Structure formats: C-alpha cells, structure tokens
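Trainee: For reference, the structure I am asking about is given below.
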Amino acid sequence: MEHLYDVAIVGGGIAGYTAALTAGNLLMDYLWLGDTAFGEKLCRAERVTNFPSCMGSGKDFAAALTRQMEGEHVALTRMRADGVYKTGDRFTVTCGREQFLARTVILAIGVEARGSVRGERELLGRGVSYCAVCDGALYRGKTIAAVLSSPKFAEEVRYLAQFAAKVYCVCRDRAFAPAGENIQCVEGVPLAVEGEGRVERLVLRENTLAVSGVFFLRDSAPPEAIAFGVKTKKDGHIAVDRSLSTNLEGLFAAGDVTGRPYQYAKAAGEGCVAAHSAKNFLKNSKN
Ligand SMILES: Cc1cc2nc3c(=O)[nH]c(=O)nc-3n(C[C@H](O)[C@H](O)[C@H](O)COP(=O)(O)OP(=O)(O)OC[C@H]3O[C@@H](n4cnc5c(N)ncnc54)[C@H](O)[C@@H]3O)c2cc1C
C-alpha cells in the first residue's frame, strides 16, 4: 500500500520551509517537495533588512536557514510537483512518473516574477503547458516552442525533443538551450500566444513562430495549472481565508502565491499558520 502522508508541502521557498519546520514540530508526517531549499529569490536579495534577526545578504540568510534546517532535521525531497489532485478525502501529488498520497497539501509555490504573457492563461490546456513530462507526448511529430527561464530546464527541452518534430527553444541567453538535431535556439522575448481556440503561434518581440504548442518552463506556474480546481482571485493569487484554507477542503496555500506583500516575513508566517491549519483539519476530520 502506498504511504499516506499527513501533509505534502509543495514549494522549496521560505513559506514551504517554515511549513515543513512547523509540521515537524507538530509531529506531522510530512513530505516537503522543491527543487532547491529556500528558492533562488532568496539568494538574489542583495541585503535583507526586514526580517527579524537577519542582517546580511540573501545568501547569508540562506546559509543561516541551511544550518537550522540541518540542525532540526528538516528533510527536502528534491522534486518538482506537476499536479495536485483531490480524490475523496486524499490528495495525489504527481512529480513526473512518481506520485505521492497525502491527507492535506500546502501549496507554497511562489509567483513568477516575470508574469504571464498575453493569451497564456486563456490557452492553458489548449496548447499551453507548464509540464514537459505531463504533456510532451501529445506533440508527437509537431512543431512546438519551449520558453525557458533558466538553464535548469534544459533536460525538459531534451525530453520534448524526443516527441516533437522541432522544438524552438526560446530563451534570453543562448547558453540555456541544450543541443539537439531538432532543437533550434531562438533568443527572444515572448509577447503573446495566439490562435483560434488552440495555440497556433508564439509572438516574440523579434518575430513570430508558427507552433502548435508552447511549454513555459519556469520556476512557478499559475496555481490552477498545478492544483486542479483551486480557486484563484482576479489577480491570479490563490483565494484563501485567515486559516489559509482554499476552496478545496484540506488544501492550504502560503507565501507569495496567496498575494502581496511579497515579503519573507509574510511568507514564513503563512507557512507556519498553514501547517497549524493542516494539523487542525486532520484533528477535526473523521478519517
Ligand atoms: C531579487 C529579490 C529580492 C528580494 N528581497 C527581499 C527582501 O529584502 N525582503 C523581503 O521580505 N522580501 C524580498 N523579496 C521577496 C521574497 O523573495 C519573497 O516574498 C519570498 O521568497 C516568498 O517566498 P515563497 O516561499 O512564497 O516563494 P518563493 O521564494 O518564490 O519559493 C517558491 C519555491 O517553490 C518552488 N516551486 C514552484 N513550483 C513548484 C512545484 N510545482 N514543485 C516544487 N517546487 C516548486 C520554486 O522553484 C521556488 O523555489 C525579494 C525578491 C526578489 C526576487
């Protein structure tokens, strides 16, 4: 029988970390998923002056958190979740071919600083995707584009190239793109995804590519592309109440993904509250 966690925490930033730290203190059986501990944003901050006891750069902050994480034995499972599905009283979290079961989930996936491009949300599921492993096989023999925000997604482009006839690898730096017979690097800035009911082209500032699919490979995808059925507000953030509950029972959200201000203190506070709320939810549920 598959292991059933009390809580699966999705997102390696400070909201996810604080949720994992708190879940551990509350003696919950947790799974913390993320590609890196604390996220890249933290390391990019030049100087952090607004978090209690932090008086240095983001890298110093990350180093202190790493020491604490090791000291408190907080375990990060280095994986990206590509789907969170609710079935009955439990959640299935998929990470490529792996899947995990949990009674509650905390979504702490942050927000994409660069924002979405025109048409992206409207054509989600109709040619726009955020997950190569989930949707790559749908584009067998087709011409598609993969928009990369970082070189760490090169492997996903190679995966897509196994199916597609041609992959335009759109990135701001040529070094991000992997080599491959059917991979063509295009340095450009995406402005819009267009098509009549389905993706037909990707408009770049520099030119337009005729494609039948566009994969946006970024650190954070829109929440509804990962957690199916979750309600978002007009501004794209997840709608939560004060306990950080979402519209789906047992699904909580924390950090930037719930809205502004985008600050470490707010993200950490929400991670803590979300873990307590998940614990209370389990205590009050009959299962
Ligand atoms: C350059 C810069 C400087 C900043 N300086 C400050 C500052 O001085 N003070 C301050 O208070 N705030 C600052 N901020 C804001 C701060 O970084 C954010 O508010 C904070 O990082 C939010 O934490 P989070 O955990 O909600 O999200 P994030 O830090 O964005 O973490 C989310 C993590 O989840 C991962 N993730 C996303 N999707 C998935 C998935 N499907 N599966 C697994 N993992 C996933 C992402 O890769 C990321 O690592 C700064 C931000 C930037 C960009």
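One gets the working numbering by counting positions in the sequence shown from 1 and adding 37 to each. Ideal Cβ positions, reconstructed from N, Cα and C, are used throughout, including at glycine. This one's a predicted model, so the numbers in the text were calculated from it and none came from an experiment.
1) Between which two residues does the beta strand (DSSP E) containing Gln-136 stretch?
2) Can you look up Gly-71 in the DSSP assignment and give me helix, strand or coil?
3) Quick check: the Cα distance between Gly-217 and Ala-198, rounded to an integer number of angstroms?
4) Between the C-alpha atoms of Thr-86 and Tyr-54, what's the straight-line distance to the nearest angstrom?
5) State the Cα-Cα distance for the pair Gly-61 and Val-111, rounded to the nearest angstrom.
6) Which class does Pro-260 belong to by DSSP, given the choice of helix, strand or coil?
7) Would you call Phe-265 buried or exposed, if buried means 16 or more other Cβ atoms sit within 10 Å of its Cβ?
8) Which residues in the same chain as Ala-311 place their Cβ atom closer than 6 Å to its Cβ, once the five residues preceding and following it in sequence are excluded?
9) Roughly how far, in whole angstroms, is the beta-carbon of Cys-222 from the beta-carbon of Arg-238, given that I think they are within contact range, below 8 Å?
10) For Ala-247, which beta-bridge partners are listed by DSSP?
11) Taking Cβ to Cβ, would you say Leu-319 is nearer than 8 Å to Asp-43?
12) Less than 7 Å separating the Cβ of Ala-302 from some heavy atom of ligand 1?
13) Given a threshold of 16 other Cβ atoms within 10 Å of its Cβ, counted over all protein chains shown, does Pro-227 qualify as buried or as exposed?
14) To the nearest angstrom, report how far apart Arg-155 and Ala-229 are at their CA atoms.
Mentor: From the atom records:
1) 135-144
2) strand
3) 8 Å
4) 20 Å
5) 7 Å
6) helix
7) exposed
8) Ala-56, Ile-143, Leu-281, Phe-289 and Ala-291
9) About 18 Å separates the two Cβ atoms, so there is no contact after all.
10) Arg-238
11) yes
12) yes
13) buried
14) 4 Å
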